[in-house]
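Inspection log for the structure reproduced underneath, given as structure tokens.
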Amino acid sequence: MRSSPSTLLVVGDSLAFHGPERAEPADHPRIWPQVAAAALGGRVELVAGIGWTARHAWHALTHDPRVWAAMPRVDALVLGVGGMDALPSPLPTALRELIPVLRPAGLRGRVRDGYLRAQPLLARAFAALPGGGPVALPPHLTVSYLERCRAAVTALRPGIPVVAMLPSVHRAAVYGGVHAGRAAAERATRTWADAHGVRVLDAPTLVAGHVLGGHGNPDGMHWGWEAHRRVGETLAELLRGEFAGRRDGPAEAGWRSTGVVLGSAPCPIPQSSRGPRP
19 MRSSPSTLLV VGDSLAFHGP ERAEPADHPR IWPQVAAAAL GGRVELVAGI
69 GWTARHAWHA LTHDPRVWAA MPRVDALVLG VGGMDALPSP LPTALRELIP
119 VLRPAGLRGR VRDGYLRAQP LLARAFAALP GGGPVALPPH LTVSYLERCR
169 AAVTALRPGI PVVAMLPSVH RAAVYGGVHA GRAAAERATR TWADAHGVRV
219 LDAPTLVAGH VLGGHGNPDG MHWGWEAHRR VGETLAELLR GEFAGRRDGP
269 AEAGWRSTGV VLGSAPCPIP QSSRGPRP
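Residues 19 to 296, numbered by this note's numbering, are exactly what the sequence shown covers, in order.
Below, the structure is given as structure tokens:
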């Protein structure tokens, strides 16, 4: 790796930028991506959104020009998505994501409010089904999208470390306290990570006492600053060990060898890394 400060590309969900009271700017020094970057003496490129699943992460990598611009400087990829995938989703995700575009506004409001009232009841009812009921994204699709992300970025940045985050825990009333899909999502993530040399950040172990003890955001899902600090510092330790073991050549050489020049095509993500849409 190069001797200049490390640049982390973090693709995440709202846990990456939501604090104990509200969503924070991407450069807030206390969110875990910034904590990790500061501990490494580097910087972070944070690409994240509320409710993002692994599918959203793949869409960002292939559609967001900010990611393409950052790619020549990236020293590590952190996939901080997958937790939202395991949440109960009584309404199929494709339909649920259409609620914000319903027209007129009055209809949109009634549908949204009705769904929010019904969601905890339906989540608890479906939790009694085999497998715990439907989730936002099934585990096999989560790891499929994670692998697309990993393969695409490492094709352009060979040899950089990749870290995946295990799905966190929650006590959110909006989901009826149900998290039946988390265990299967964690198993799938660990299996995929083992198969591809991806390091795993065990977020639930780091934040369970904090979240389940009611010390995080009142919504029961997002973290307080202590949890952000633990996750960020642990991520920095994981990457510090990876960087120490890989200082055998400049990272830039891998980028140059691909022959890809940003801006020369609509999307620099290699076509070979694009799988068929499920």
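For every residue, glycine included, the Cβ atom is placed at its ideal position computed from N, Cα and C.
Which residue or residues does DSSP assign as beta-bridge partners of T25?
R61
By Cβ distance, which residues of its chain are closer than 6 Å to S24, with the 5 residues on each side in sequence left out?
For S24, where only same-chain residues beyond five positions count, the Cβ hits under 6 Å are L58, G60, D93.
Alpha-carbon to alpha-carbon, P83 and G101
25 Å
Assess, as a yes-or-no matter, whether the segment 180-190 is touched by the segment 208-221 under the definition of 3 or more beta carbon pairs within less than 8 Å.
They touch, by the three-pair rule.
Candidates A198, V187, A191: which alpha carbon is nearest P148's?
A198
In terms of DSSP beta bridges, what is M183 paired with?
Answer by DSSP bridge pairing, in chain order: L219.
With DSSP as the reference, please indicate the residues paired to P148 in a beta bridge.
Paired residues: none, contrary to the question.
Under three-state DSSP, which class holds A104?
helix
DSSP has H36 in a bridge; who is on the other side?
A41
Rounded distance between the beta-carbons of T111 and L155, thought under 8 Å
7 Å
Contact between the segment 29-44 and the segment 234-245: three or more CB pairs below 8 Å?
yes
Per DSSP, the bridge partner or partners of L95
DSSP output for L95 lists L27, V180 as bridge partner(s).
Would you grab the beta carbon distance between P106 and G69 for me? Rounded to a whole angstrom, and I think it's under 8 Å.
Not really, about 13 Å apart at Cβ, beyond 8 Å.
The alpha helix (DSSP H) enclosing L159, as first and last residue numbers
157-174
For T172, count the other beta carbons within 10 Å of its own beta carbon; 16 or more makes it buried, fewer makes it exposed. Which is it?
buried
Can you give the beta carbon distance from V28 to P51, rounded, assuming they're within the 8 Å contact cut?
4 Å
When you compare only the Cα positions, how much space is there between D31 and Q137?
20 Å
Using beta-carbon positions only, say whether L174 and M89 come within less than 8 Å of one another.
Contact: yes.
Can you tell me which of the three DSSP states A198 falls into?
coil
6 Å Cβ shell around A206 - same chain, five flanking residues per side excluded
Only P157, V161 meet the Cβ criterion.
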